[in-house]
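Okay, structure first, notes after.
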Amino acid sequence: MTSRDRGHLLGAFAAMVFVGASWGANVPISKVMLAHFDLIPLSALRAALATVVLILMVAAVEGIRSLRIDVGLRRFLLLGLIMGGFFAMYTLGIQFSNPISAAAVQVAGPLVAAVTVRLATGLRFDPGFGVALVLTVLGGAILAAGSLFGRGQVTLGGGEFIVLLSNALWTYYSLKAQAWFDRASQLHRTYVASLSAMGWLILFALVMVAAGWARPPIGEADGWIWTQLVLLAVFASGLGGYFWNVGASRLGVAVASLWVNLVPFFAVLWSMAYGFMPNAYQIVGGLVALSGVVYMQWRKLQTMQR
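Under this note's numbering, read the sequence shown as residues 236 to 541, first letter to last.
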């Protein structure tokens, strides 16, 4: 393996660690946000803030001309509908679950992602995927056991399964984000998808507010809440989405999905800052899940060296 290939992989690994940390924060902060905003307006606000950040990044890094949409209207609309659907579905799951139990079930996300990739593309699993999947699911079982039977018993609210199923939408978006563009950068792809998702979510939010099914978000006056929302939109929705595409383009969607198992580990750590205290089951479960990610990447490096 050349030094360039090694640097390519190390860059992908660093990107996925950032994704794990930022998306881990997404779990408890979203739970806090839902006490102040309704689901669809919250999703629309996040998408709008993330899109503004991505527009500024694209303009600064690639120039104003890179802001053009060259993927075709049909693909542009579908890409945003898939991404926007994921945002809404994921947030809905968080609304009806405990943050730590929601983090626990996400360890089974690679199973959903692997099945989605297999159904959508027919590609076989990478070497070592089975062992890594067993380790990550085992980590999820330990996390779930801690959520159910540990100190400060937490019951499942049902939204955890919605969070898990939302992985299918995100995986499908990831596949199309790589397949529907020609030579666009990962930053440009993320910007285009976010712009379309913002449009869909704003449209749905306006309809729901007008019909009286949701409250407008402008009534919230707590500055701390708005600060949390901005940070979540910038780092989790904006930069997190960009670095995910970087990792998925270099590692493949199925392998990158294993790295999402860092999310429960970081989510437990972040949850402590928001009053959701973990127990020993959840900490051990996170470490077991992490071992699955490390094993998968070790096998991939071994294969590349041969």
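In this text, a Cβ means the ideal position worked out from N, Cα and C, and glycines have one as well.
Can you tell me whether Arg424 is buried or exposed? The criterion is at least 16 other CB atoms within 10 Å of its CB, across all chains shown. Buried is the call here.
Report, in whole angstroms, the separation of the C-beta atoms of Val495 and Gly344, which I expect to be a contact under 8 Å. Confirmed, Cβ separation roughly 5 Å.
Near Gly255, which residues of its chain fall below 6 Å by C-beta distance, leaving aside the five closest residues on each side in sequence? So the list reads Leu497, Val498, Phe501, once near-sequence residues are dropped.
Return the Cβ separation of Leu274 and Ala337 in integer angstroms, given the expectation that the two are a contact with Cβ distance under 8 Å. With 8 Å as the limit, Leu274 and Ala337 do not qualify as a contact, their Cβ atoms being about 15 Å apart.
Just mark Leu245 as buried or exposed, buried being the case when its beta carbon has 16 or more other beta carbons within 10 Å. Residue burial is scored here from C-beta neighbours: Leu245 has fewer than 16 other C-beta atoms within 10 angstroms and is therefore classed as exposed.
Between the CA atoms of Gly259 and Met474 - distance to the nearest angstrom: Here residue 474 is Leu; the residue named in the question, Met, does not match the sequence. Leu474 and Gly259 have their C-alpha atoms spaced approximately 13 Å apart.
Whether Leu436 touches Ala279 by CB criterion (8 Å): Result yes, Cβ atoms of Leu436 and Ala279 sit closer than 8 Å.
Given that a residue counts as buried once 16 or more other Cβ atoms are within 10 Å of its Cβ, and exposed if not, what is His351? The sequence shown places Thr at residue 351, rather than the His named in the question. With 16 or more Cβ atoms within 10 Å of its Cβ, Thr351 is classed as buried.
Can you give the beta carbon distance from Leu370 to Val490, rounded, assuming they're within the 8 Å contact cut? Taking 8 Å as the upper bound for CB-CB distance, Leu370 and Val490 are not in contact here, some 14 Å apart.
Measuring CB atoms only, is the region 442 to 458 touching the region 294 to 308, in the sense that at least three cross pairs come out at less than 8 Å? With contact defined as three or more Cβ pairs closer than 8 Å, the region 442 to 458 and the region 294 to 308 are not in contact.
What does a CB cutoff of less than 7 Å around Tyr325 pick up in its chain, not counting 5 residues either side in sequence? Only Val398, Ser401 meet the Cβ criterion.
Going straight from the alpha carbon of Val347 to that of Gln341, what length do you get? In this structure, the straight-line span from the alpha carbon of Val347 to that of Gln341 is close to 10 Å.
So what's Trp479 in DSSP terms, helix, strand or just coil? Three-state result, Trp479: helix.
So for His423, helix, strand or coil by DSSP? DSSP places His423 within a helical segment (H, G or I) once states are collapsed to three.
If you drop the 5 nearest sequence neighbours on each side, which residues of the same chain put their C-beta closer than 6 Å to that of Ile460? Only His271 meet the Cβ criterion.
Tell me whether the beta-carbon of Phe331 lies closer than 8 Å to the beta-carbon of Gly394. Taking 8 Å as the Cβ cut-off, Phe331 and Gly394 qualify as a contacting pair.
Considering only residues of the same chain and omitting the five flanking positions on each side of Tyr408, which have a CB-CB separation below 8 Å? Same-chain partners within the cutoff: Leu314, Ile317, Met318, Phe321, Ala428.
Straight-line CA distance for Pro276 to Leu312? Roughly 20 Å between the two C-alpha positions.
With 16 as the cutoff for other CB atoms within 10 Å, does Ile377 come out buried or exposed? Burial call: buried.
Taking all protein chains shown into account, do 16 or more other C-beta atoms lie within 10 angstroms of the C-beta of Val442, making it buried, or fewer, making it exposed? Taking all protein chains in view, the Cβ of Val442 is surrounded by fewer than 16 other Cβ atoms within 10 Å, so the residue is classified as exposed.
What does the alpha-carbon distance come out to for the pair Leu373 and Thr356? Straight through space, the alpha carbons of Thr356 and Leu373 are spaced by roughly 27 Å.
Which two residues bound the contiguous alpha helix (DSSP H) that contains Pro276? Annotation for Pro276: the continuous alpha helix (DSSP H) segment containing it runs 274 to 297.
Compare the Cα-Cα distances from Leu404 to each of Val488, Met251, Pro263, Ala515 and report the closest residue. It is Val488.
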